[in-house]
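Per the numbering used here, the very first residue in the sequence shown carries number 1; after that it's consecutive. Note that CB positions come from ideal geometry on N, CA and C, so glycine has one too. Note that this is a predicted model, so its numbers are computed, not measured.
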Amino acid sequence: MLNYLARRHLYGTRTGSPFPVWTSLLRADDQFCVERRRRNSRIRLVVLNPRLESGFLKMPRLRLDRLWFLIVLVWGSMIGLCQSQSLSILGQKTIRPFAPYTVSITNTLSKDVQLEILLYGSDLDDKQTIKAKRESEQRITFETKHVTDGEYHLSIRSLDHSVSFREDIELISDPRVFSIFIQIDKPVYKPGDMMHFRVIVIDSDTRPVTNLSYVTVGLKDSTDTSIREWQYAKLHNGVFESAVLLPSSPNLGKWLLTVESEQVQKIKEFEVKPYVLPKFWIKVYPTEVLLAGKNTIKLTVESEFTFGRPVAGVVKVDLYFSKIRRNSEHSISKYFERMTMFEFFLNEEVDLDDDKEFADVFVNVTVTEKHTNTTLFIFEPIRVFRDEFDIALIKPWPMFRPGMPFPLQVSFKDRMGRTAGSGQTVTTRVTYRLNNEEDRETDIVGTISSRGLLSLPNIVPPVTATEMNVQFKIFLDEKKYNPGQEAYIDVEATSDSYVAFHAIDQSVLLVNDSWNDLTKANVVKEFDSFGDNEFDPFHSMGLFMQTTSKQDSGTAKLSRYGLGFQNAKEILHIRTIFPETWLWQNVSMEGKTDVSFSAQVPDTMTSWLVTGFALSPTTGLGLIHEPITFKVEKTFYIVAHLPYSIKRGEVTVIQVMIYNFIGNTLITDVRLYNKNDEIEFVDQSSSDTMRRTKAVIMPGNSGRQVSFLVKAKKIGEIAVKIEAVNSLKQDSVEHILRVEPESYLSSKNEQRYIEHQEYKSTQENITIDIPRYTLPGSIEIAFDLDPNFLSIPIKNINQLMQTPKEYGEANMLDFVPQVVALDYLTESKMDNENLKNKMINYIKTGYHNQLKYKLNNGSFCNWESEEHKKGSIFITSLVAKSFKIAAKHVDGLISNEIVESALKWLASNQQSDGSFVEVGDKIHNGLQSKYALTAYVLAAFLEVGELANKYSANINSAIEYLVKIHTKLVDPYDLALTAYALSLKQHEAGKRCLDNIIERSNQTGAVRLWNEGPFSTEIGSYVVLTFLQYYPVIEATPIVNWLTNKRSETGGFSSIQSTFIGLRAMAQYALKASVDAYDYTITLRWKKLLAKKFNVNRYNARYTQTTIVPSDVRQVSVEIDGIGIGYYQVAYQYRTELKDAKHGFDLSLKLMEDSNYRVQNLKVCTKFRKPESYTTSNLAYVEVFFPSGLHVNNENAITDLASGHKIMSKLSVAMTSHCIVLPMLLCMMPWITMCLL
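Here you go:
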């Protein structure tokens, strides 16, 4: 076996400036060589390449003088290693468990030598004595079992007194036995999809693992709730394969599929969300090599339908110099068809770091297709280089062939991959290094070929070397298929192989492209850490796949493909099979080397990607290097554009595109059928209730759009059948469309606090209050047990509140709870590193997002729009203290200067009497009082620690102000915040405020509460934090008991601020109230039957336990027996008719007169309904749900129609595929009607 180490140093100049390049091309094998010889004759070959000369970058010719390359060749596992008379030992540098450890001994002496070879270390001690026969090579193998991280050595010594040989080599231990790979059939799933997956477990030789029979497989949703477990997933030939049906109403977001054994854990992430597959793709790339020294960026944009036809429409390209998209300084829009080019002229050069060869700019490309008005966008990095050329050392193949030349070449290309330097002559210096002697040099003159290659002298391995047998083939004999056509697959592989296939619709990868982890690159990356040699660490299985069309004859063939005629009309093939994945199949070779099977091609008009692998116990893992692509198409066909779902009773647009590539103009009838009387046609053009027909003239090689207006009459899944017929061709499709109820989702939960300070038994019945008239199938009930108060909020950390994150305060909802939870996990010493890392990533994201709201004066605002960028006392205080607390978890990310500049701005806005008043937008109604706001800012200064030392005068002034006025405070919110702020300094006035606010509370049994409207939760939370400063933790328990009942089913509270302070209060209480004695059992019963038992002890007290309750249960009995604390909840939700919902606002919608069929202009007006305890609203949202199939054109089209009132209008917009959310007002007065157009 030939292994080699190559390094490359390139030096040169470009108009006098340095041009350094460093590339690591190959890596050394993890072998060692020890030898003793009688004379020095080992040869090491060093090749020195020409170096770059000044001015060589001018095209089209490439002038070269000298390049430097260093190639060190190490000959391994062959007699020719040391051709002189010597004794040589060649062995693996790495030792692994359950893997044979082999040592190769070469004796070129004229006599036999007796050797003692000892492999020892940790729990290993194995010795062999052999006779190394003269002029021969032999191998010694040690059988290893368990290998740990300890030290291991190989000792070799001669027992022959006439030959002096003693060596002790320190080995590298790698305790890993195998690797796990997870393959899923697609990267994103809809609710209710069937998910297919495979688990592949292979050893370090890429063969199926033999010493492992089972693995544990778990599926968790986005809230970390376990959905399914396979405790004993049995491996067959190293593979476990299964499928699971996802819930029809799942928690959306990132799900995890986890595979575990005693030594290895592997996690695969995928996404669950509603989506509609895009019908076309967008690609953007540089038109020419982009150089930092130029002030132009030229880009090419391409777009095609997934079935291969060009897209025509409007394309807009926005250029950004940062990944954080703000206002684009460069933007161009134009009409295009399939492909177009853009040229941006920059005001200055792209900035490159001194040590970087490139930098990235970012482009956002938006394409609106002209027929359907469908809009897609991509956001891509584009690389800008310092220099124009790339030089690389290449090999002719990954392995050598014994006795055959192994030519090395140098490749010269520009950054676009085009050849450079053709026809130019360079000089290569070859240096021979004979052991420790001086180098001997010789120059070889060569010419760069027309392909940009410079050939170096051939290296010829000896015929005694070991060759890797690598053979790999795969091809499809056809690139295009008709819908429903039978494909025949021929497989050739090793006779004991397990062979698996998988195909995916290219459209799915436009939604999420993290598809296939089982690729050659990923396997190589995995085994890089095993320290294997430079060659591919897995073998090809000789996998061969061939698809051929079954040759039918006569009308049978025509009928199958929809090409036959009967009475001058085509026999219609209805296309009904539209899967997103296909060919999820596997075959066992069962002693054969070739197997054939067939599969029917799906009906989707699209492009498909096919991949696969083979796994053999004898030869290892073989992979398809690149997915094979094929298309499904016809000359005349329908593409239906359907929304993901529609509402029952709403008017829905069914858009149909008909494509005619026959070449002739055809008059075509397009029909929409009402199967099973499930829809109602809106237009009254016909009395036929079962179908609607529209005629359209179809020019050749073009597409036309036809639309139908319908209403769905039933909930669930309905069939949508569409047919297009003309004198020559016809096509028909039948899709399934989801219909959701026009309903209102209500969520409720009943929570109870557990406080067993001693062993005892308690029992309570909880009533589940669900109205009689709910929509069928909409009721969901769950029981959750949380022994440590924070497990449920941590599990739902990103779903505590459903609110858009398009303004400063709401963005902190993705930041502050993560910081609170991470603080709690750290202080409670919970060792969930995966969860901690996940939270740290969210903190980093939230931090970067919040910087969008930072102003130059150090303050932070609530809105990103320029007209409302005004620093807020409240937001700046919140950000400053949150950033400071978070900084300890993300080393080096959050700069102290940001916090200090915020504090400086706050101090500069303090009033002369020590108070603070809001100078920016009034965001929080409770903090409109200067007493509460002063206390809030004071608390922020005190909570940032040493950074506030320089502001002691400001702090003392605020304290004096609050102490002066605290006896006059009557508002409970002012009292609670003042008590908390002063408690941070242990001031007696804080205790007096606490006593005052306690007097204003109500206590019923074990619960203490405040009836202060929307601020009650915040008041109670501040009181808990103040109690923990002055009194024993037990004093706060009645308030915590009440706060427990105020939490939502996700663990959050009713508003953003109450969630912030509520979680913090619960976390601080949980840390101080935690007990060592967790030993209780909860018995859950319904309908007088034992339903579930939960055991809580000190080992599982940090985790949530959950069970699903049947939807027809209306009361559960909870029995608690033992000692410990915690809380439990019964959370449930249901849907009711919209007419039964309570209204807090008046809302009207008007279609403006300038609307038309394609564009609808809406006037939305709303008015706040004033409850008795409110004078103004908090931040209000208007959610405009578009009719299914429609989307908002752009957010700039939204206009505020208010006049004569100084109120905040649209400040930020959050858009989804079917809804737009508008933060309308901050303080909406009940006498004001607010309108948007």
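- If you draw a straight line from the Cα of Y498 to the Cα of D490, it is about 14 Å long.
- Here I667 has A695, I697 and N726 as same chain residues with Cβ atoms under 7 Å from its own Cβ, once five neighbours each way along the sequence are excluded.
- Going by DSSP, L219 is part of the beta strand (DSSP E) stretching over Y214 to K220.
- Beyond the five residues adjoining it in sequence on each side, R1085 comes within less than 6 Å, by CB distance, of A1091 and S1117 in the same chain, given in chain order.
- If only complete runs of 4 or more residues are kept, the region 948-1002 shows the alpha helix (DSSP H) at 952-965, 972-983 and 988-999, in order along the chain.
- Setting aside the 5 residues that flank it on each side, T1004 has no residue in the same chain whose C-beta is closer than 7 Å to its C-beta.
- G700 and G649 do not touch by the CB rule: their CB atoms are close to 41 Å apart, not below 8 Å.
- Looking at the DSSP output, E369 shares a beta bridge with G313.
- Contact annotation: the region 1093-1109 does not touch the region 1048-1064, with fewer than three C-beta pairs closer than 8 Å.
- Checking the DSSP bridge columns, you'll see Y637 partnered with Y659.
- DSSP, reduced to helix, strand and coil, places P208 within a strand of the structure shown.
- Contact between the region 140-152 and the region 90-102 is present: three or more C-beta pairs spanning the two stretches fall below 8 Å.
- Taking the Cβ atoms as the reference, S732 lies roughly 7 Å from K721, within the contact range of under 8 Å.
- Residue pairing from DSSP places W230 in a beta bridge opposite V217.
- Cβ neighbours of L623 within its own chain (closer than 6 Å, five residues either side excluded): K520 and F613.
- The alpha-carbon separation between L822 and V363 amounts to approximately 35 Å.
- Going by DSSP, W281 is part of the beta strand (DSSP E) stretching over F280 to P286.
- It is roughly 22 Å from the alpha-carbon of I140 to the alpha-carbon of T619.
- In this structure, V1164 is the residue among V656, V1164, E1137 and E580 with its C-alpha nearest to the C-alpha of F1145.
- At least 8 Å separates the beta-carbon of A1067 from that of V879.
- Here D125 is exposed. Its C-beta has fewer than 16 other C-beta atoms within 10 Å.
- Here DSSP, grouped into helix, strand and coil, assigns R772 to coil.
- In the DSSP assignment, G1062 falls outside any beta strand (DSSP E) and lies within the alpha helix (DSSP H) extending over I1056 to A1073.
- Contact between the region 129-146 and the region 102-110 is present: 3 or more CB-CB pairs across the two stretches fall below 8 Å.
- K884 counts as buried, since at least 16 other C-beta atoms from the protein chains shown sit within 10 angstroms of its C-beta.
- Per DSSP, the beta-bridge partners of H502 are T611.
- E943: member of the alpha helix (DSSP H) spanning K930 to E943, first to last residue.
- Within 10 angstroms of the beta-carbon of M341 lie fewer than 16 other beta-carbons, which makes it exposed.
- Taking every protein chain shown into account, the CB of N788 has 16 or more other CB atoms within 10 angstroms, so this residue is buried.
- Scanning its chain for C-beta atoms nearer than 8 Å, with the 5 sequence neighbours on each side dropped, one finds around G308 the residues S607, K631 and E633, in chain order.
- The three-state secondary structure of V820, taken from DSSP, is helix.
- Looking only at T967, V523, K334 and S912, the smallest Cα-Cα distance to E988 is reached by T967.
- Between the region 161-174 and the region 185-195, the count of Cβ pairs shorter than 8 Å is below three; the stretches do not touch.
- In the structure shown, the three-state DSSP call for N364 is strand.
- It is roughly 25 Å from the alpha-carbon of V710 to the alpha-carbon of H573.
- In this structure, V1033 places its C-beta atom within 8 Å of the C-beta atom of Y1069.
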